[in-house]
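In the working numbering, the protein residues as written are 110 to 693.
A short write-up of the structure that comes next.
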Amino acid sequence: MTSTASSMDTRQGQAPHDQRPSWLQRLRRFGYPAGPAAAGGAGDVRDRLVPPYAEPSPRLWLALGVPPALAERITRWSGWVGPLLVTLMAGAMRFWNLGSPKAVIFDETYYAKDAWALVHRGFEVNWDKNANDLVLQSGGHLTIPTDAAYVVHPPVGKYVIGLGELIFGFDPFGWRFMTALLGTLSVLLLCRIGRRIFRSTFLGCLAGALMAVDGLHFVMSRTALLDGVLMFFVLAAFGCLVVDRDRSRARLAAALPADADGRVRPDAHTADTLRLGLRPWRWAAGLMLGLAFGTKWNGLYILAAFCVLAVLWDVGARKVAGARHPYMAVLKYDTGITFLATVPVAVAVYLVSWIGWIRSPADGSGGYFRNWAATDGKGGHWTFLPDWLRSLWHYEHEVYEFHVGLSSPHTYQSNPWSWLVLGRPVSYFYESPTAGTDGCPADAGQKCAREVLALGTPLLWWAACFALLYVLWRWLFRRDWRAGAIACAIAAGYLPWFMYQERTIFFFYAIVFLPFLCLAVAMLIGAIIGPRGSTDTRRVIGASGAGVLVLLIAWNFIYFWPLYTGTAIPIDNWRSRMWLDTWV
């Protein structure tokens with residue numbers, strides 16, 4: 110919590126700040142960045158290029174009885190202490206009883222076994238129909254088949270799942286470990302990303318905490334599916350681009366001349382001609398986008414959207430710095446590095462991810478279609494290319510045909526129009542134990558329900574619908590770059606699915622843009638608390654309303670906890686949680 114208003118503020122009918130109750134002082138400027146730094150003063154372009162962070166205050170810790178020296182130290186490190194505490198909470202929930210249910214749930218039947226085959230053979234194989242039971246009964250000690258299997262997703266996400274299996278074994282805990290770890294780390298990433306874009310530790314931690322108590326994120330973190338892995342790499346790529354934005358703008362600000370009073374002013378020559386260097390964070394973003402693409406193909410849409418976003422950020426930075434021709438300057442000095450650091454890097458990472466398949470034998474005993482170029486693919490105009498590349502291209506073409514033509518009906522498929530309102534969640538696991546068995550209370554008097562339901566925390570998602578409207582308004586009418594970035598990331602993960610409404614698709618695909626919905630809700634809550642310059646009464650009302658909303662979201666998560674963890678509850682209690690008919 111911060112207080113950045115001037116102590117000389119003596120508005121009519123209000124006491125000076127040093128005479129107000131401390132709780133009102135703490136509410137003032139709650140969650141908002143500081144005003145222009147005194148050193149720069151009004152008109153200093155540095156504050157527009159690199160806005161300052163809100164200055165944290167030690168008063169909360171002092172009020173709790175923490176010694177002054179320790180309070181100052183905690184305050185100084187609050188930018189890391191806060192996110193780490195939120196992450197610790199998220200990790201404790203995600204790793205608690207991670208091996209339960211001790212079963213192969215939903216699409217773990219594909220990815221857990223594919224991952225085990227990949228890390229041992231380098232390609233996926235066909236398993237026996239009763240392989241799931243054998244895995245659970247033998248503790249994972251069974252022979253891996255040799256017949257190659259036709260799979261339709263790239264290998265990165267399965268290698269990630271397989272890493273957990275190599276460390277902890279071929280069992281439910283082993284194949285869920287890495288998704289739980291990445292789910293936990295994604296909360297830390299979101300806290301830090303939110304802090305950076307909002308310039309507020311509070312709002313950053315709030316965004317992370319909201320994702321920590323979202324049911325969809327929680328369930329996906331405890332299930333060995335690819336979409337949670339994809340979400341992590343997409344969020345990491347976004348974070349890298351945000352850091353690159355700050356670093357490049359800081360370099361631009363440092364190159365601008367200062368006037369006699371020490372204020373930095375826009376300069377057309379500098380803004381139009383400055384080279385911003387190799388920009389390592391942009392290359393890191395390319396690596397993360399390549400890993401996203403190598404997990405699921407919809408990472409390509411994210412790659413395209415983030416490249417456009419990065420270019421527009423460069424245009425905005427040079428325009429603020431005084432460029433007369435910002436688009437030409439970006440085209441000349443920035444677009445090349447943006448392309449090289451993203452598209453070629455992502456493609457290279459994607460190809461490297463297939464190294465196990467590429468190195469497998471091409472005599473028919475290796476990966477699926479590995480020998481295509483030497484058999485059915487002989488001849489043609491591309492024989493000058495390596496056989497492995499032509500075979501891989503054929504494989505990818507077949508996968509594309511499969512994806513665009515997938516229309517097999519599924520009980521839990523849903524249309525993307527229904528995702529934001531949680532129209533059709535996905536049941537990963539369901540059992541009906543009798544009283545006294547499998548955790549069902551002996552005195553239940555009836556059967557219990559034991560379910561793992563991929564359902565977002567309803568109040569959070571429904572609040573996100575309003576937050577999305579607010580973000581669009583901020584972007585369209587206030588030209589707020591933060592709102593534009595959030596809207597872009599949501600659109601990149603969400604809108605492409607509307608092109609495939611006849612395809613068999615599922616609500617849990619929305620996990621990819623969930624972090625950005627949480628950022629949108631955090632931004633809305635910041636507005637509810639009150640904008641800069643609000644009266645103390647406005648702050649009290651806003652903070653109270655925001656606090657009630659956050660507590661209701663947390664309560665909602667706790668209420669649905671049994672459905673997220675597969676905890677056995679009486680069937681009537683389960684029915685009371687089926688708020689919509691389409692959830693059954």
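Note that beta-carbon positions come from the ideal geometry of N, C-alpha and C, so glycine has one too.
Let's test the definition: count the other Cβ atoms within 10 Å of the Cβ of residue i and tell me whether it reaches 16, buried, or not, exposed.
i    : result
L689 : exposed
N407 : buried
H326 : buried
H262 : buried
R684 : exposed
M608 : exposed
K222 : buried
I595 : buried
W205 : exposed
T293 : buried
Y459 : buried
E217 : buried
L173 : exposed
G593 : buried
V320 : It should be pointed out that residue 320 corresponds to Met in this sequence rather than to Val. M320 is buried by the Cβ-count criterion.
G602 : buried
R384 : exposed
A367 : exposed
G545 : exposed
S247 : exposed
G654 : exposed
S309 : buried
S330 : buried
W170 : buried
D353 : buried
Give the secondary structure of residue i by DSSP, where H, G and I count as helix, E and B as strand, and everything else as coil.
i    : result
P167 : coil
P567 : helix
A471 : coil
V420 : helix
V373 : strand
R391 : helix
Q246 : helix
R360 : helix
P145 : For P145, the predicted model reports a pLDDT of 41, less than 50, meaning its position is unreliable; a value from the coordinates is still stated below. Correct three-state label for P145: coil.
P263 : coil
Y509 : helix
A380 : helix
L133 : Note that L133 has pLDDT 46, beneath the 50 cutoff, so the model's placement of it is unreliable and the number below is only indicative. Correct three-state label for L133: helix.
N206 : coil
G486 : coil
G545 : coil
Residue i bridges to which residues according to DSSP?
i    : result
E560 : Y539
I678 : A558
A257 : V234
I367 : The amino acid occupying residue 367 in the given sequence is Ala; Ile does not appear at that position. In the DSSP output, where bridge partners are listed per residue, A367 has V373.
Could you tell me whether the Cβ atoms of residue i and residue j are closer together than 7 Å?
i    : j    : result
A455 : F402 : yes
W528 : A619 : yes
A333 : Y477 : no
V228 : G278 : no
D381 : L365 : no
R559 : G675 : yes
V621 : M202 : no
N480 : G488 : no
A265 : S469 : With the sequence shown as reference, residue 265 is identified as Val, and Ala is not the correct amino acid for it. It is not a contact, given that the beta carbons lie outside the stated cut-off.
W570 : L531 : yes
A413 : L158 : no
L418 : C597 : yes
G486 : R499 : yes
R388 : I446 : yes
A394 : L344 : no
P525 : W392 : no
F669 : D336 : no
G635 : L312 : yes
G348 : I306 : no
D153 : V508 : no
A663 : V630 : no
K211 : P160 : no
W236 : E274 : no
Is it the case that the CB of residue i approaches a heavy atom of the ligand SAM more closely than 6 Å?
i    : result
L623 : Ligands displayed in this structure: none; no statement on the ligand SAM is therefore possible.
- Item | Complete runs of the alpha helix (DSSP H) confined to the region 623-669 [at least 4 residues] | The qualifying runs are 623-638, 645-668.
- If you scan the region 301-332 from start to end, which runs of the alpha helix (DSSP H) of 4 or more residues do you find wholly inside it? 310-321, 324-330
- Task: Counting only runs of 4+ residues fully inside the region 440-471, write out the alpha helix (DSSP H) ranges in chain order.
- Result: 444-462, 464-468
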